[in-house]
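Each residue of the sequence shown is one higher than the one before, counting from 115 in our numbering.
To keep things clear, I will list the structure first and then write my remarks on it.
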Amino acid sequence: MFKRILVLSMLVGFVTIVHGQDLHFSQFFNSPLTTNPANTGFIPDADYRIGANYRNQWASIMNTPYKTMSVWGDAQVFRDRIESGWLGLGGVILRDVAGSGSLASTKVYGSIAYHQMLGTAHLLSAGFNVGWANKRVNLNDLKFPDQFNGTFFDSNIPTSVVFERGSINYIDMQVGLNYAFFPTDQLYINAGVSAMHLNSPKESFFSADSLGIENRIMPRYTAFVNASIKMNDELIINPMGYYSRQASASELVVGGNLQYNLSGDGEIQLIGGAYYRLNESIIPMVGFSWKNVKLMFTYDATMSSLKQYNNSRGAFEFALINNGFYSDYNGDRRQSLCPTF
115 MFKRILVLSM
125 LVGFVTIVHG
135 QDLHFSQFFN
145 SPLTTNPANT
155 GFIPDADYRI
165 GANYRNQWAS
175 IMNTPYKTMS
185 VWGDAQVFRD
195 RIESGWLGLG
205 GVILRDVAGS
215 GSLASTKVYG
225 SIAYHQMLGT
235 AHLLSAGFNV
245 GWANKRVNLN
255 DLKFPDQFNG
265 TFFDSNIPTS
275 VVFERGSINY
285 IDMQVGLNYA
295 FFPTDQLYIN
305 AGVSAMHLNS
315 PKESFFSADS
325 LGIENRIMPR
335 YTAFVNASIK
345 MNDELIINPM
355 GYYSRQASAS
365 ELVVGGNLQY
375 NLSGDGEIQL
385 IGGAYYRLNE
395 SIIPMVGFSW
405 KNVKLMFTYD
415 ATMSSLKQYN
425 NSRGAFEFAL
435 INNGFYSDYN
445 GDRRQSLCPT
455 F
């Protein structure tokens, strides 16, 4: 019963004041367009890529877990028309469902970025995206704390929570900068910063008068850094870090992974690593790469006070990515900016 009260309290918090932390993936590095719009078309070892992400959390607390899904793709264009530079075009669809669908959101974004080489070892990128977002709540599925009669939740008991609407739509905008440094075939460093929700869109199921505030999504500021270091013909090390802040909510993730060359020619790789989300979770990761396809799995083991309710079972996440070239000729003549086997 306590777990149910806890979950309902979380849902009430979500639908009452909605300017909390944004949707996110532990595998931020495998969701490039939501991490920074300047990543659009920033594909060091291919011409285009498509991907999908799936996150499942709170399964040990909720009968129906909280799910986040995305599909995305981006591509490089005008590489032969712009001297030492190119454009990146892409898009992403995000879907987020709380529990049995009581609270759900759908977001569709289009992204564009420009990438300019600075000499032979530096790359500077700037990106922008704009999208449409919808968030809805199924009022028939909700019960509130003041409907608890001491034994169970009774939907016949009147509640003080009054919704003005059950669905909202808004436009959302983001910008980002990206820098890459690749001095040798054995070393690659990449860092970026971004600002999300530039227009601070209004997002509330309630009227401003009923809450006494006009609820808007607060800007979110994000920074990341990663590197790729080729140790030898069998091993590449990829350390990385990610920081995000939105109003009073912040997130810091640090860690890395190893790529091990199983086939000798780099076409088959085993990937393993671990990450730490500050004051929240430890995130082990395993993955497998075959030719241009990569599959990676992470598991969030809760380390915060929430672990007493979920037995440290936080979330699991999958990412599937396919990189490609417009033609075999492109693949033969293009040299990767990242260390490769």
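Even glycine gets a Cβ: it sits at the ideal position worked out from N, Cα and C.
Check this for me: beta carbons of Pro453 and Gln300, under 8 angstroms apart or not?
Residue numbering aside, residue 453 sits at position 339 when the sequence shown is read from its first letter. Residue numbering aside, residue 300 sits at position 186 when the sequence shown is read from its first letter. Contact flag set, yes.
Below 8 angstroms CB to CB, which residues in the same chain sit around Leu201 once its five sequence neighbours on both sides are set aside?
Translated into the one-based positions of the sequence shown, residue 201 becomes position 87. Cβ within range, chain order: Gly155, Gln190, Val191, Phe192, Ile226, Ala227, Tyr228, His229.
Which class does Phe143 belong to by DSSP, given the choice of helix, strand or coil?
Counted from its first residue, the sequence shown places residue 143 at position 29. Helix, per DSSP.
DSSP three-state call for Leu70: helix, strand or coil?
There is no way to answer for residue 70, as the model of the chain reaches only from 115 to 455.
Just checking, does the segment 156–169 make contact with the segment 379–396 on the three C-beta pairs under 8 angstroms criterion?
no
Quick one: give me the first and last residue of the beta strand (DSSP E) that Met310 is part of.
For the purposes of this step, residue 310 is identified with residue 196 of the sequence shown, where counting begins at 1. Taken as a continuous stretch (DSSP letters only), the beta strand (DSSP E) holding Met310 covers 301–310.
Less than 7 angstroms between C-beta atoms, sequence neighbours within five positions excluded: which residues of the same chain meet that for Ser281?
Here residue 281 corresponds to residue number 167 of the sequence shown, with the count starting at 1. Excluding sequence neighbours, Ser281 sits near Asn248, Arg250.
May I ask you to report which of helix, strand or coil DSSP gives Pro333?
Position 219 of the sequence shown holds residue 333. Reduced to three states, the DSSP call for Pro333 is coil.
For Leu349, count the other beta carbons within 10 Å of its own beta carbon; 16 or more makes it buried, fewer makes it exposed. Which is it?
Here the question's residue 349 lines up with position 235 in the sequence shown. It counts as exposed.
Which partner residues of Glu328 appear in the DSSP bridge assignment?
Against the sequence shown, residue 328 aligns to sequence position 214. BP columns for Glu328 are empty, so no partner.
Alpha carbons only, please: which of Gly290, Lys344, Thr412, Tyr413 is nearest the one belonging to Leu451?
Within the sequence shown, residue 451 is the residue found at index 337, counting from 1. Nearest option by C-alpha distance: Lys344.
Given that a residue counts as buried once 16 or more other Cβ atoms are within 10 Å of its Cβ, and exposed if not, what is Pro151?
By 1-based counting over the sequence shown, the position of residue 151 is 37. Classification of Pro151: buried, given that the 10 Å Cβ count is 16 or more.
Tell me the rounded alpha-carbon separation between Arg330 and Ser314.
The residue you call residue 330 lines up with position 216 of the sequence shown. The residue you call residue 314 lines up with position 200 of the sequence shown. In this structure, the straight-line span from the alpha carbon of Arg330 to that of Ser314 is close to 6 angstroms.
Here's a check: name, in chain order, each residue in its chain whose Cβ is nearer than 8 angstroms to the Cβ of Leu147, leaving out the five neighbours to either side.
Indexing the sequence shown from 1 puts residue 147 at position 33. Correct list, in chain order: Asn153, Thr154, Trp186, Asp188, Gly204, Gly205, Val206, Tyr223, Ser225, Asn243.
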